[in-house]
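Engineer:
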DNA sequence: AAGTGGTCTAGACCACCAT
DNA sequence: TGGTGGTCTAGACCACTTT
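Protein chains in written order, with our numbering: chain A, 17 to 259; chain B, 17 to 259.
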């Protein structure tokens, strides 16, 4: 187990070194998503630190969203929580308040050569093959978002032949392509609808929209997906408490 | 000091009870903003719990943004951090990267009877007096936001005669009116500029804007300010990491 | 009953800050 | 030099989960 020892001489506190060690093991797939990691006592014995130090490090990891803990059961590797994504700010609740799953319509699913903007974000060379997937998502008769998704072809070879009706992508990436999405970076800015977008979303030309750009990463911080989403502005609401 | 003892019999953990006690003391102005609170050891002695329990409670409060700690100095009551406000997502950095303070222009400063929408948010009755303050904020020649601010007249009597050039409001509220802003709730949604807004912001009609509504609270969760901000969409950028 | 994480204690030692 | 928070240890006891 002792791949790398914690070092008291190091300038960093032991529990910070331990946090980094844990994150490395997850990034390197030594501990995979959903897996139970060794108990506090085991870690303390193996790394030769006190249980309290291990506990502190684990709690930092929980705070950072990479682990979760269950009393009496153990400590587990968390999967990224896309309920925290910007997408959750598009409110499209049905009248009865039910949380239905949106329907998906595929508009485009094809293999193309990566435009330079996409290649750059995926850290591949321009012209290398990518899968382009354009779809809309609809709930209660309202199409609230249109998405352009670009995937590295080498990683997702065969995905272009999938029948994608209402399925979530990331579980498929994980199970069928051995490529779990571990984290993602999202950028958001407002815009107004162009003609094409307005038609797809059923809104007026120049109506407000929110544009979300997501780059999703797998092991070793390798980007594998770029996604541009354009959502109806009239369904976007976001609140924070400033303190 | 012993206003309220911590109780081991209580169903809640001691450190949670302590967190609640601390927040009460701040809300009730027993400990005010910027003030140093008693040290870990003092609190431990007075409340008859161990130093470790106090430390845990204090760290929770730091996490919640109500306290901050300085090694070698002490633990202090934090003031709300409006660098965490939505306004920080309007990027208006100058070319040389300097962080200049935006210039303010007052458009309206008058006492009016509260419209129902405002009265409701301030928890006063419709028609009660409020101060209306409309201003723009400009940096590097770009007017990036126009704001309508409504204040309870009873609380801020005399504010309508202030000369407000580039001053921050919340320090004035605190020093001149004895009303510190302790926290605020902000809601944000996209829209497009109407004629008036477009002129003030120097953008085209129907250009994208972001609308921020803030309700700011003082002691005992009393709302005292409502603020509607409309900012240029082309300067709004926001990023998150989803994990 | 055995193992897990959650709480709480008591104390040591260190780094930092004011005086 | 004395007081502060930051780190780390060692151990007790509890609540929860599984076998």
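Ideal placement from N, C-alpha and C gives every residue a C-beta, glycine not left out.
As the structure is a computational prediction, the values presented were derived from the model and not from experiment.
1. Mind checking residue 187/B: buried by the 16 CB within 10 Å criterion, or exposed?
2. What separation, rounded to the nearest whole angstrom, lies between the Cα atoms of residue 243/B and residue 96/B?
3. Can you say whether residue 113/A is buried or exposed, counting buried as having 16 or more other CB atoms within 10 angstroms of its CB?
4. Note the first and the last residue of the continuous alpha helix (DSSP H) segment covering residue 235/A.
5. Does the segment 241-257 of chain A come close enough to the segment 45-53 of chain B to have 3 or more Cβ pairs within less than 8 Å?
6. Should residue 153/A be labelled buried (16 or more other beta-carbon atoms within 10 Å of its own) or exposed?
7. Assign residue 33/B to buried or exposed, taking buried as 16 or more other Cβ atoms, counted over all protein chains shown, within 10 Å of its Cβ.
8. Who are the Cβ neighbours of residue 260/B in its own chain at under 7 Å, not counting the five residues just before and after it?
9. Look at the alpha carbon of residue 120/B and the alpha carbon of residue 181/B, and state the distance between them as a whole number of angstroms.
10. Kindly indicate the opening and closing residues of the beta strand (DSSP E) around residue 121/B.
11. Using a C-beta cutoff of 8 Å, does residue 200/B count as contacting chain A?
12. Nearest-angstrom Cα distance between residue 198/B and residue 207/A?
13. If residue 55/B and residue 90/B are in contact, beta carbons under 8 Å, what's the gap, nearest whole angstrom?
14. Since residue 127/A and residue 147/A should fall inside the 8 Å C-beta cutoff, what is the C-beta to C-beta distance between them, to a whole number of angstroms?
15. In angstroms with no decimal places, state the Cα-to-Cα distance between residue 157/A and residue 104/B.
16. Which same chain residues, not among the five before or five after residue 164/A, have their C-beta less than 6 Å away from its C-beta?
17. Inspect the beta-carbon positions of residue 145/B and residue 178/B and report whether they are closer than 8 Å.
18. Check whether chain A comes within 8 Å of residue 51/B, counting only Cβ atoms and requiring the distance to be less than that.
19. Return no unless some Cβ of chain A is closer than 8 Å to the Cβ of residue 190/B.
20. May I ask which residues mark the beginning and end of the alpha helix (DSSP H) holding residue 56/A?
21. Do residue 234/B and residue 196/B have their C-beta atoms closer together than 8 Å?
22. Roughly how many angstroms lie between the CA atoms of residue 220/B and residue 221/A, to the nearest whole one?
23. Quick one: Cα of residue 190/A to Cα of residue 99/A, how far?
24. Between residue 175/A and chain B, is any beta-carbon pair separated by less than 8 Å?
25. From the beta carbon of residue 237/A, is the nearest beta carbon of chain B less than 8 Å away?
26. Short check: CB of residue 78/B to CB of residue 85/B, under 8 Å?
27. Here's the rule: buried if 16 or more other CB atoms are within 10 angstroms of the residue's CB, otherwise exposed. What is residue 230/A?
28. Mapping the DSSP letters down to three states, classify residue 38/A as helix, strand or coil.
29. Report the CB separation of residue 35/A from residue 73/A in whole angstroms; it is logged as a contact under 8 Å.
30. In the DSSP output, what is residue 32/B paired with across the bridge?
31. On the criterion of 16 or more Cβ atoms from any shown chain inside 10 Å, does residue 124/A qualify as buried, or is it exposed?
32. Is there at least one non-hydrogen atom of the ligand FAD closer than 7 Å to the beta-carbon of residue 96/A?
Structural biologist: With the given structure in hand:
1. exposed
2. 16 Å
3. Confidence in residue 113/A is poor, its pLDDT being 49 and thus under 50, which makes the residue's placement too unreliable to answer from.
4. Element bounds for residue 235/A: n/a, residue is neither H nor E.
5. no
6. buried
7. buried
8. Any property of residue 260/B remains undetermined from this structure, which presents chain B solely from 17 to 259.
9. 6 Å
10. 119-129
11. yes
12. 33 Å
13. 6 Å
14. 6 Å
15. 36 Å
16. 150, 244
17. no
18. no
19. no
20. 56-63
21. yes
22. 15 Å
23. 18 Å
24. no
25. no
26. yes
27. buried
28. helix
29. 5 Å
30. Answer is none; residue 32/B lacks a bridge partner.
31. exposed
32. Among the ligands in the structure shown, none appear at all, so the ligand FAD cannot be discussed.
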